[in-house]
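Input: a single structure, listed below in structure tokens.
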Amino acid sequence: MTLDPILRAAAHLVNKSSSTHDANETINSVLSARLSKYYTERGVPEVDYDKTDLWAIQLQTAKEALFVVQQVHDAFALAESNTSEKATVQTEIPTLGTRDVSHLRTLISIVFKWGTDALLGRVAPNFTTSSFQNAQASASIVDLTRGPEDYKGMCDLTYQLLSVVLPSGRRGELSQSLVANLLLTRHLSDILKSCIVLGWLPKALSTPSFPVQDDIRPLTMRLLSLPPSQVILSLGSIIAIKPPLPSYVHKTCSFLLGRQLFRPGGIRGLCAALFGEETEALESDVSLDKLEHFAAAVQTVPPSVPSQEFFRKIVPQLFTLLADGSDGAPPAYRRAAAFSISRIIAEGSKDGGESMGAILSQIHRPFLQVTESSRGDDFVVSEQPSITSCISTLQTILINTDPSPVLLSTVFTPIAPALYAILMCLDSKKTADPALRETVKGLLGTWSRIVSAQEAEQVCWSIIEGEGGYWKIDIAGEIVQTAERTVTESLAIFTPESLEEAEKSGELDINSNLLGLRPDPAHFVGFLRAMNRPEVSSSLFVRLLEAYRSVKSDNDKDPFRALLFLQLIMQIQTQLAEGSSSTNILKKPEHILMFVKHALEDAQTSRKPETPARRPKREGLGHEDLRIIQSSDDEYGIGSGDSDDEDEGSTDVVPDEITVTTLNLLLALLEANPELSARTSPVLNDIFLLLEPLTKNPSETLRPLAREARIVLTVRLASTSSSSESSFKKSGLDDDEDPQVVYQKALTLLQDPLLPVRAHGLLLLRQLASSKIPSQKDPMKLMAALDPALIPGVLSIFLQSIQDEDSYIFLNAVQGLAAMVEGFGKEVLRGLVADYTKGLDGVGAGALNQGEVDVRVRIGEALGQVVRRCGEALPSYADLLVPPLAKVVRSSYLPTTLRTSSLSLFAQMAETNAMTLFPYAADLFGGMVDLLQLESVPAVHISPKKPIERSEPKSGDQQEGKGVREAKVENGRGKKTGPTAQPPPLTMDAEPTVANSKFPPLRRAALHFLALLVRASILRVYDVGPTGMLIPDAYLERASTTLGYVSSTDEDTVVRVMAREAGEELAQLSSALVGL
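Straight run, no breaks: the sequence shown in my numbering ends on number 1076.
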């Protein structure tokens, strides 16, 4: 079957006539002539249609275009079938040239534009509300009396299109022809749109004139089996159509879109539809709008689908995207998955949603379930991801989400004991993966810095209680959790000979855990020190002292537990109670002072009944059972007399041991805190009274300690009794809300090396800059929470933070600067403008390095945020903004990047409130015209012998001046050689510090601002009349000439287009001036 006749005829439907048409010829006559030539070329009689109705002509053209498309498809299908069924018959497969393929694409577009879409526009008002009908009527007049006829025509076209892509019906394969390929790759959304309108018509809207096309549904479902990314993109484009289609179409598309997520790879397909295919998805292309759209799609449960089933299928797909490996998802996909998980957790923490439960179950299960059996050596491994991959997933979630205390608390707090147990296992094995060890340390470090002190203390105490499980590294190097085992092997590893050898070799460390205590005291206290949370360490230390005192008073308790508490207390005193570092627990004396008070009270009340009650008690497992080398009766002569003497001594020492520890702790607190006194801590008054009986104690240990403590407290009270009141007076807010506390906390977090913690500190500072508190003089009046004296420091922090490469920190800094201007007005804005323009005049102003340019450009972005926030109040800041920025724009010796930034700020002012620029409109307008006239670069070839001279030569390797080239000649390196290759032209992105006014971005920015200025002038003329024109006529004439020249001759395509558009705006301004 040859295609030449039908393709020649089809050319008349798409080709423009080469002859010159009459000026009075209408589009109806042109399209009718094309159809006539088409029928003549085919040799068939012309179909009868209304040649006076443009819509009828276009519809007939669409029908004939579809006929051509079907013919081409049938020819390919016939050739393929003959080739497959009769191999001996030589069937020539039709070939299409480039022009034929182009005509074919145009014909397909005509089918949808003038066919299905046009018919849909006439049919849809029969199924929609009056508001939609009004929107349709405002665009064109629709004849609703032809609704049934149009509906039937739309059905015919849709069935014909489906016959092309599904020639064998719903059970057959999709056609692989060129035509079907074009339809499915370029117009799948158009096909699905018509199919959903016809096949999912509600029964309430269905009539004999508009019947539901039930046969289309199975064919449509067959199309929905295409790759998820393609289907999701098509359904999303249907939902986004403006004005919207009938409501049932929107609901159907949403339902089908939700079902697509159920398919294997549905979430990955959604990522591909939003962020591009895997080879195209870049992390830099991930905008907040796309992330929020992705999270909303993942959280939206389709109607009639149980939420448990929905999230049971969605959540594993999200974690599949987060998993690393050779087939790992692109960074953009992982960031989207992490963002949606964080949103689900953040919203679920408020209402306890099932989605959050599904995600937390997926995260926590591997850490909380035992993966091995404790019976002998038979291990039963459960089917769940390895701990290494789970830790990597946690790290990916943390890296790709904003630092949120709610997220960290919800995700990490339940598994923090397990993570610590894993860290202890990794630290105990020298052959463990160092990267994995650092990852676990980083996760625990980030968690411990963000969560509240109470929560961190509770988790640390649960670790002491033995939670977290038992972990080991198997033969394959994987970390596995085992059932609880009693570790007593270390008790028998040393014989007298091996003990001596261990002492000589240094293996017997003083901090070694010979008894297998869990957690290892030295390791756990080292973890507390790494947390750098003295309030947590201090509270935990007090809790350990209380627990140890309780265990010591009860001989029925496990002696190993008492030993664990004692070892932890000793390690804390060794590592966390010395020096002046921030981890010193003595710097937080409140909790310790309360323990001292309770311990002294208990010692005073239990002193009298203690000796007679405890002397005869010597039963069960006691502390003597901890003796490793048992003594024999013959050697030690255990008798009643000696044993009673030892018991008497031990019972007398028990209360004194706790009391001595308490007094030593009190003295250490007083030494570490010189300002601590009864005036600042009233609890010391009670302690002072409790110390008096101890000063008369017969013990040679207690008595001097109690006296020393009373003397120190007396001196402290006397030294502060006459001191003046503190100059710092807190506001009526809590400590967590006090501006000074928040400010100090933010400064502490900003110094942390971990990015999430640093970002959280900047977030606190930004919130503090925008927060308000009641005024002390007038509680009904709100005032800035930030002390005005701190404004310079906060501004300096934000200005430093905008130089950070991390986008989250940079954006927070920009928003913080905008909030400072909003809260403190013109003074802060004047400071920002000064930082933006300072040092730009005088000697060396044009020799800015890239760092200085970057800082000023980022300050410009902050100024843009300020301009947007000002809104209607922007004109009041005109004198602060316009003159300095205009000075930057006209300084040709400055880097072009900086001048372009200033022009962008002018454009932002024109968009936000053009009244700001009206006093300067004439000067700014003339300046832009001068810039375009002087800096335009004609599209001509520049000889390599005459390179463009740059205004300021750069030092180093970036730019060489004439003197450098002469020096090279003198050194013998610049001898005459043959012609060299012309270097690539400089661009502003490659050379951001070069002061080259010929860079196209400068002209683009000037044209953009000029167009906005002209547009604002048009609106003013319409509002006020010709008297409101602020630009002289001479400027308009010169601008028209300049824009025409630039639009015709400039070498940059974008500049030419923008100049042409600006010229059109200028023409509209001229028309407005004459009243047109």
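The beta-carbon is built from N, C-alpha and C at its ideal position, and this holds for glycine as well.
Exposed unless 16 or more other CB atoms sit within 10 angstroms - verdict on residue i
i	result
Gly-172	exposed
Leu-1079	What is shown of the chain runs 1 to 1076, which leaves residue 1079 out entirely.
Leu-1019	exposed
Tyr-893	exposed
Pro-693	exposed
Ser-1047	buried
Asp-879	exposed
Ser-807	exposed
Asn-664	exposed
Val-286	buried
Ser-177	buried
Glu-924	Just to set this straight, residue 924 is Leu in the shown sequence, not Glu. Label assigned to Leu-924: buried.
Arg-186	exposed
Gly-468	buried
Asn-181	exposed
Glu-277	exposed
For residue j and residue i, the rounded distance between their alpha carbons
i	j	result
Leu-667	Leu-817	47 Å
Ile-569	Asp-520	12 Å
Asp-989	Thr-900	12 Å
Lys-152	Gly-860	59 Å
Ile-57	Asn-28	7 Å
Ser-650	Lys-552	Here Ser-650 scores only 41 on pLDDT, less than 50, and its place in the model is too uncertain to base an answer on.
Ser-130	Ala-124	Any answer about Ser-130 is weak, because its pLDDT of 47 lies below 50 and its placement is not dependable; what the coordinates show is given next. Rounded to whole angstroms, Ser-130 to Ala-124 spans 11 Å at the Cα level.
Lys-51	Ser-36	11 Å
Ser-340	Ala-873	37 Å
Cys-271	Arg-343	16 Å
Asp-474	Ser-389	15 Å
Trp-461	Val-742	27 Å
Pro-884	Leu-986	28 Å
Phe-112	Val-1057	30 Å
Pro-1032	Gly-839	34 Å
Val-179	Leu-162	12 Å
Ala-295	Arg-830	40 Å
Val-101	Leu-233	25 Å
Gly-168	Pro-5	The sequence as given places Ser at residue 168; Gly does not occur at that position. Taking the straight line joining both Cα atoms gives about 27 Å.
Pro-774	Pro-992	47 Å
Arg-437	Ala-323	19 Å
Pro-674	Leu-690	22 Å
Delimiting residues of the beta strand (DSSP E) encompassing residue i
i	result
Gln-299	Note, Gln-299: premise wrong, no beta strand (DSSP E); alpha helix (DSSP H) at 288 to 299.
Lys-772	772 to 774
Ile-473	470 to 473
Cβ separation of residue i and residue j, assumed to be a contact under 8 Å, to the nearest whole Å
i	j	result
Val-212	Gln-70	Not confirmed; about 25 Å, so no contact.
Leu-219	Leu-166	6 Å
Gln-571	Val-536	So it is not a contact: roughly 15 Å between Cβ atoms.
Val-1078	Ile-592	The chain is shown only over 1 to 1076; residue 1078 falls outside these bounds and no answer can be derived.
Opening and closing residue of the alpha helix (DSSP H) in which residue i lies
i	result
Lys-597	589 to 605
Gln-230	228 to 239
Trp-447	434 to 450
Gln-481	Note, Gln-481: premise wrong, no alpha helix (DSSP H); beta strand (DSSP E) at 479 to 482.
Pro-218	216 to 223
Trp-461	453 to 464
Pro-405	405 to 412
Ile-397	387 to 399
Arg-8	4 to 14
Val-525	521 to 531
Gly-169	Note, Gly-169: premise wrong, no alpha helix (DSSP H); not H, not E.
Tyr-893	Note, Tyr-893: premise wrong, no alpha helix (DSSP H); not H, not E.
Glu-41	27 to 42
Any non-hydrogen atom of the ligand PLP within 7 Å of residue i CB
i	result
Ser-163	Summarising the ligand content, the structure contains no ligands, and the ligand PLP is consequently not present.
Runs of alpha helix (DSSP H) wholly within the region 817 to 849 (minimum 4 residues, chain order): 826 to 837
Uninterrupted alpha helix (DSSP H) stretches inside the region 978 to 1047 (no shorter than 4 residues): 1000 to 1024
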